[in-house]
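Take a look at the structure set out below.
Protein chains: 2
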Amino acid sequence: MTQAVPSSSVARGTRTEIDSEFVLAVDIGGTKFAAGLVGASGRVLAEERVATPPGANVHTLWKTLTTLIEPLVANGPGAGVGVGCGGPMRWPEGVVSPLNMPGWRDFPLRQALAERFPGVPVRVHNDAICLAAAEHWRGAGQGVADMLGMVVSTGVGGGLILGDRLIDGATGNAGHIGHIVVEPGGPECGCGGRGCLEAVSRGPALAAWAVDQGWIPGRATDTAPAGLTPAEPGYTATGHPAAEPDYAETEKATGRQLAADAAAGDEIARRALTRAGRALGVAIASATHLCDLDLVTVGGGLSQAGPLLFDPLEDALRAHARMAFARRLRVVPAALGRHAGLIGAAALILAPEHYWTAPA
Amino acid sequence: MTQAVPSSSVARGTRTEIDSEFVLAVDIGGTKFAAGLVGASGRVLAEERVATPPGANVHTLWKTLTTLIEPLVANGPGAGVGVGCGGPMRWPEGVVSPLNMPGWRDFPLRQALAERFPGVPVRVHNDAICLAAAEHWRGAGQGVADMLGMVVSTGVGGGLILGDRLIDGATGNAGHIGHIVVEPGGPECGCGGRGCLEAVSRGPALAAWAVDQGWIPGRATDTAPAGLTPAEPGYTATGHPAAEPDYAETEKATGRQLAADAAAGDEIARRALTRAGRALGVAIASATHLCDLDLVTVGGGLSQAGPLLFDPLEDALRAHARMAFARRLRVVPAALGRHAGLIGAAALILAPEHYWTAPA
Chain A
1138 MTQAVPSSSV ARGTRTEIDS EFVLAVDIGG TKFAAGLVGA SGRVLAEERV
1188 ATPPGANVHT LWKTLTTLIE PLVANGPGAG VGVGCGGPMR WPEGVVSPLN
1238 MPGWRDFPLR QALAERFPGV PVRVHNDAIC LAAAEHWRGA GQGVADMLGM
1288 VVSTGVGGGL ILGDRLIDGA TGNAGHIGHI VVEPGGPECG CGGRGCLEAV
1338 SRGPALAAWA VDQGWIPGRA TDTAPAGLTP AEPGYTATGH PAAEPDYAET
1388 EKATGRQLAA DAAAGDEIAR RALTRAGRAL GVAIASATHL CDLDLVTVGG
1438 GLSQAGPLLF DPLEDALRAH ARMAFARRLR VVPAALGRHA GLIGAAALIL
1488 APEHYWTAPA
Chain B
1138 MTQAVPSSSV ARGTRTEIDS EFVLAVDIGG TKFAAGLVGA SGRVLAEERV
1188 ATPPGANVHT LWKTLTTLIE PLVANGPGAG VGVGCGGPMR WPEGVVSPLN
1238 MPGWRDFPLR QALAERFPGV PVRVHNDAIC LAAAEHWRGA GQGVADMLGM
1288 VVSTGVGGGL ILGDRLIDGA TGNAGHIGHI VVEPGGPECG CGGRGCLEAV
1338 SRGPALAAWA VDQGWIPGRA TDTAPAGLTP AEPGYTATGH PAAEPDYAET
1388 EKATGRQLAA DAAAGDEIAR RALTRAGRAL GVAIASATHL CDLDLVTVGG
1438 GLSQAGPLLF DPLEDALRAH ARMAFARRLR VVPAALGRHA GLIGAAALIL
1488 APEHYWTAPA
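Shown next, in the form of structure tokens:
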């Protein structure tokens, strides 16, 4: 399984040390496709990225992926191919229907890649699960046996590691902390439920809530888009989840902008982060009571807000996680940044004793 | 490890078939101590029970336990000793401090039993976890890979089985579904938190809530204790959790009576069960989104209420468990009844590949 890293790829890497074993890692999301060669140390030795073609059909999406990958695999994919992909998917078959890619519905991604790369294992898992695996393998969760890796971004997702092993659940969907109920009568959620953590704390929902409270994105940071008024109809946070993503995308009322404005002192933006932090703290309290965790890592755009998010999170967590065993829980920012998805996808191949339970 | 079952014990058993391999199983709770010989089929071949001596000191509790056990072990403890005990405990050391047994604080139960039974494994786990193991091993969860076994009684507890293995958590405390938050601003919980499932749905809390609403225990079933009035001060459900257990114990305002009265048509008792069922449904929705479950089993006194509890539970569950993968979840009554604790304790020894991860 050990192969030399192709020199053309090494040249693109930012590290000087070469991992003798490596894999092809792929990270497929609604905003970008990324692919890279990742070594056994977790280092990204070479990387390619491209924006996800909006509204692309099944063939264009596949062509985009293969075009991205080809420059990396002149000397083969190494020990195998690990893929993190937006859900939902049929797992472990790797038949994917990513929410933000209507061109792929029941697309046999694993099979297609296995045909391109015969003779090596090809493994596909949920992208949020890959982020958790990455933090456990080479990030903030190294050496921790029981943890939850979270991402708070356009959605709120996660992955569970218990007893030093990734927990898949029967259908590969364990870790959906975004759909823990934090407020039974709360805002409608995209899943069809109500009061889920994601319905409160995902970036677009939070931004819409803030706009509803009078927030003008960028005003505090002097980058406000022209013509935006908080009274613009149809963009209230509660009851209109469908309208939020478009608003967030087109008008810069994003979670990231919210974090920036809060850091610049915008009072409404700060209240929004408090709201998100509290909901996160309640959900994490529930999760640790159920799963007896040592650590939670929080990544994603909103986690950039720092103490403005983490302080109210801690307050709510400590108020609700009162069982003696739950008090040891630490909540820390994720450590791996933008490479986490590739590193976690690589872990599916390079550390299967922790991250892969299914055959093949 | 295979030994003949002693004939004196077999005579006490209710089954005619003899399991050639058996263990000594012990179930230690605040109301009773039970011990039995349990065969590899999960059958209880012999059993002894005694009420927990109230207020007993460390020596009296140990003497009570050994006196209970001795008649069963004339020919030794079989393949080992499995123990379920009320928490909290230091696990896997089996150093126990059961909430309702102040005489045991940091009592080295595992070590004491290991000294009495040298040469065989002695394993101690949380009693709620043993109930879950029992349902998975020989009860309603047989053949299911991912499940939560719950008990709704004086407390609300549970145990998680994921990927066909008992999940311990780092400190042996995984499965505490009673402390999932179902109502962040809800009633105070014995754990010090607020709005936990247990604070809403445990028998005594529910009974106190019903009394607060005007319930007169037994009125519907013509067994009301004399002199009880709903206006009796100090017994409101919310804000006074410390007063509830005494009230429930002394005045028959118990979860079991509530279930009986609801079955007899008492409207307040029915509303109380609806309240409990909804909270259970919300918590189960959160649990299955996090853990991707196939099955939840519900046992304990309150589960005797049947559809009056399970119907509102289903309604709330279906309203909140909306992710596609969560819809397959089934919630069923536990199958094993009063022997479940012994059967689960036996599973720690007889099926360690599923139920024991710690050394020894």
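Here the protein sequences come in this chain order: A and B. For the first sequence, my numbering begins at 1138 and goes up steadily by one. For the second sequence, my numbering begins at 1138 and goes up steadily by one. Note that the Cβ used here is the ideal one computed from N, Cα and C, for glycine as well.
query	result
Enclosing beta strand (DSSP E) for residue 1181 of chain A [first to last residue]	1181-1188
Cβ neighbour criterion (16 or more within 10 Å) applied to residue 1273 of chain B	buried
Where residue 1157 of chain B falls, given that 16 or more other Cβ within 10 Å makes a residue buried	exposed
Residue from B:1460, B:1291, B:1219 and B:1195 with nearest C-alpha to residue 1159 of chain B	B:1219
8 Å Cβ cut-off: residues of chain A touching residue 1314 of chain B	1426 and 1427
Integer-rounded CB distance, given that residue 1303 of chain B should sit under 8 Å from residue 1476 of chain B	Wrong, their Cβ atoms sit about 19 Å apart, outside the cutoff.
CB of residue 1336 of chain A within 8 Å of CB of residue 1324 of chain A, strictly	yes
Chain-ordered neighbours of residue 1331 of chain A on chain B, where CB pairs are closer than 8 Å	1456 and 1457
Buried or exposed (CB count within 10 angstroms, at least 16 for buried), residue 1461 of chain A	exposed
Distance cut-off 7 Å: residue 1290 of chain B Cβ against heavy atoms of the ligand FAD	The ligand FAD is not among the ligands present in this structure, which contains no ligands whatsoever.
Alpha carbon of residue 1236 of chain B to alpha carbon of residue 1224 of chain B, nearest angstrom	6 Å
Which residues DSSP lists as bridging residue 1499 of chain B, in chain order	In this structure chain B extends from 1138 to 1497, so residue 1499 of chain B is not present and cannot be described.
Identity of the residue in A:1438, A:1319 and A:1265 nearest residue 1416 of chain B by Cα	A:1319
Test: residue 1321 of chain B CB closer than 8 Å to a CB of chain A	yes
Test: residue 1460 of chain B CB closer than 8 Å to a CB of chain A	yes
Neighbourhood of residue 1409 of chain B by C-beta distance below 8 Å, restricted to the same chain and skipping five residues each side	1343, 1344, 1346, 1347, 1350, 1352, 1395 and 1399
Within chain B, the residues that residue 1494 of chain A reaches when beta carbons sit closer than 9 Å	1300
C-beta atoms of residue 1441 of chain A and residue 1407 of chain A nearer than 8 Å	no
Any chain A beta carbon closer than 8 Å to residue 1484 of chain B	no
Whole beta strand (DSSP E) elements within the segment 1305-1365 of chain B, 3-residue minimum	none
Length-filtered (3 minimum) beta strand (DSSP E) runs lying within the segment 1379-1440 of chain A	1432-1436
As assigned by DSSP and simplified to three states, the class of residue 1495 of chain A	coil
Residue 1204 of chain A at chain B interface by Cβ criterion, 8 Å	no
Neighbour flag for residue 1311 of chain A against chain B, beta carbons, 8 Å	yes
Contact list for the segment 1160-1179 of chain B against chain A, Cβ threshold 7 Å	none
Nearest-angstrom Cα separation, counted from residue 1473 of chain B out to residue 1354 of chain B	28 Å
Whole-angstrom distance between residue 1163 of chain A and residue 1482 of chain A, CA atom to CA atom	7 Å
Span separating the alpha-carbon of residue 1455 of chain A from that of residue 1428 of chain A	16 Å
Interface flag, residue 1468 of chain B vs chain A, CB-CB below 8 Å	no
Among A:1467, A:1276 and A:1423, nearest to residue 1451 of chain A - alpha-carbon criterion	A:1467
Short CB-CB distance (under 8 Å) between residue 1304 of chain B and chain A	yes
Neighbourhood of residue 1194 of chain B by C-beta, 8 Å cutoff - its chain only, sequence neighbours within 5 removed	1240
Exposed unless 16 or more other CB atoms sit within 10 angstroms - verdict on residue 1464 of chain B	exposed
Helix, strand or coil at residue 1471 of chain A according to DSSP, with G and I counted as helix	coil
4-residue-minimum alpha helix (DSSP H) runs that sit fully inside the segment 1173-1239 of chain B, ordered along the chain	1195-1206
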